[in-house]
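So the sequence lines, in the order shown, correspond to chains R and Y.
When you line the first sequence up against our numbering, it's residues 1 to 122, in that order.
When you line the second sequence up against our numbering, it's residues 123 to 321, in that order.
Working notes, structure below.
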Amino acid sequence: MLRHLRPGDYLTLLAGALFTVWISLAVWSGGAAETALIRSGGKVFREVPLSRDQQIEVPGPLGTSIITIKNRKARISSDPSPRQYCVRQGWLQHAGEIAICLPNEVSVELTGGAKRYDSLNY
Amino acid sequence: MRIEDQVKSGAPHSARRSILAPQSSILLDTTAEDHHVAKMAAVALGLTVLENAIPSPLPGVKPGLANIITLIVLSRFGWRAAAWVSLLRVVAGSLLFGNFLAPGFFLSLSGAVCSLAVLALSLHLPQRWFGPVTDSILAAFAHIAGQMTVVYLWLIPHSGIAYLIPIFAIASLVFGTVNGLIAASFMDNGGKADSERQP
Numbered sequence: 001m002l003r004h005l006r007p008g009d010y011l012t013l014l015a016g017a018l019f020t021v022w023i024s025l026a027v028w029s030g031g032a033a034e035t036a037l038i039r040s041g042g043k044v045f046r047e048v049p050l051s052r053d054q055q056i057e058v059p060g061p062l063g064t065s066i067i068t069i070k071n072r073k074a075r076i077s078s079d080p081s082p083r084q085y086c087v088r089q090g091w092l093q094h095a096g097e098i099a100i101c102l103p104n105e106v107s108v109e110l111t112g113g114a115k116r117y118d119s120l121n122y
Numbered sequence: 123m124r125i126e127d128q129v130k131s132g133a134p135h136s137a138r139r140s141i142l143a144p145q146s147s148i149l150l151d152t153t154a155e156d157h158h159v160a161k162m163a164a165v166a167l168g169l170t171v172l173e174n175a176i177p178s179p180l181p182g183v184k185p186g187l188a189n190i191i192t193l194i195v196l197s198r199f200g201w202r203a204a205a206w207v208s209l210l211r212v213v214a215g216s217l218l219f220g221n222f223l224a225p226g227f228f229l230s231l232s233g234a235v236c237s238l239a240v241l242a243l244s245l246h247l248p249q250r251w252f253g254p255v256t257d258s259i260l261a262a263f264a265h266i267a268g269q270m271t272v273v274y275l276w277l278i279p280h281s282g283i284a285y286l287i288p289i290f291a292i293a294s295l296v297f298g299t300v301n302g303l304i305a306a307s308f309m310d311n312g313g314k315a316d317s318e319r320q321p
């Protein structure tokens, strides 16, 4: 069986293996370093890693806020609040950034990693 | 060996058909190469059906046995014939499984097209150093790359599918190597060196 392998084939095998290892490390590692802290009514509702893309429905007094986590960024994509400030705030990327939907008492804060500044106290 | 047998058993009955054909029927002129492509595509189709009976842990992770045929045809009859066999297998296979023009069909097609594109390039690698195993591995990676692109652009536009890439990459590497070795051993048994490979 091995006689069917030519020298270059070993090279291809090696390159393929290295590529596989590299892409596995690139995709699967470096996950839970940064997390999104989701609060509802002042209490921590959930703490989710940014490494996994997902949508989280958070119940509040006015209704359900939908928080989207995608590409290591988080945002509030839907909220029943009248002025939609937290929705318009857009994507949160760095640790310390926070989006708060006031009437609905829902907030998303990014934690972990190097905290550049606290957007509440800045 | 089995492939050789099947090729022989499907002997040409084109001559007979032309006598029996009714006047109104249209007879296409077919060359010996057409017949050969059709036979090889039929064998590839058989392997596709066989492969579908094998349970898979993850949708999309398949050994791709039909590509053994593509590799053999590539080596013996050149890229054009290999492209015919591969694309005929995709189209006929989709008709067989009833998913013609369904997402699954386009996934197969994109994989086949990308593989063929890469095989067209890998043909130019020096024969002395690179054999069917290299072709097979490169084609397997191209196949999955093409499929993932279609999945991302069309079916699941979500970066979450990136998490499946390592699994597919491992499968490509393993099955690409195995298929390449099988193809190489078939060509060896045929007693023909693949130095006959046409550009």
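Even for Gly, the Cβ is constructed at its ideal location relative to N, Cα and C.
Exercise. Applying the criterion that 16 or more other CB atoms from any shown protein chain within 10 Å of the CB defines a buried residue, is residue 278/Y buried or exposed?
Worked result: exposed
For this session: Please decide whether residue 297/Y counts as near chain R, where near means a Cβ-Cβ distance under 8 angstroms.
Result: no
Exercise. So, are the CB atoms of residue 110/R and residue 15/R less than 8 angstroms apart?
Worked result: no
For this session: For residue 24/R, decide whether its Cβ has a neighbour in chain Y, counting only Cβ atoms nearer than 8 angstroms.
Result: yes
Exercise. Going by C-alpha distance, which of 199/Y, 232/Y, 203/Y and 252/Y is nearest residue 302/Y?
Worked result: 252/Y
For this session: Name, going along the chain, the residues of the region 223-243 of chain Y whose beta-carbon falls closer than 9 angstroms to a beta-carbon of chain R.
Result: none
Exercise. Residues in its own chain within less than 7 angstroms of residue 274/Y by CB, not counting five upstream and five downstream?
Worked result: 283
For this session: Identify which residue in 245/Y, 203/Y and 270/Y has its Cα closest to the Cα of residue 153/Y.
Result: 203/Y
Problem set entry | Beta-carbon neighbours of residue 7/R, restricted to chain Y and to distances below 7 angstroms | 251
Exercise. Just checking my contact of residue 212/Y with residue 234/Y at CB under 8 angstroms: how many whole Å lie between their CB atoms?
Worked result: 5 angstroms
Exercise. With 8 angstroms set as the bound, which would you pick, yes or no: does the beta-carbon of residue 13/R sit closer than that to a beta-carbon of chain Y?
Worked result: yes
Exercise. Of all the CB atoms in chain R, is at least one closer than 8 angstroms to the CB of residue 307/Y?
Worked result: yes
Exercise. Contact check, residue 236/Y vs residue 264/Y under 8 angstroms by CB: the rounded distance?
Worked result: 4 angstroms
For this session: Would you mind giving the Cβ-Cβ distance between residue 207/Y and residue 192/Y, rounded to the nearest angstrom? I have them listed as a contact below 8 angstroms.
Result: 6 angstroms
For this session: Compare the C-beta of residue 255/Y against all C-beta atoms of chain R and say whether one is closer than 8 angstroms.
Result: yes
Exercise. Taking one C-beta from the region 82-94 of chain R and one from the region 6-25 of chain R each time, how about it: are there three or more such pairs within less than 8 angstroms?
Worked result: no
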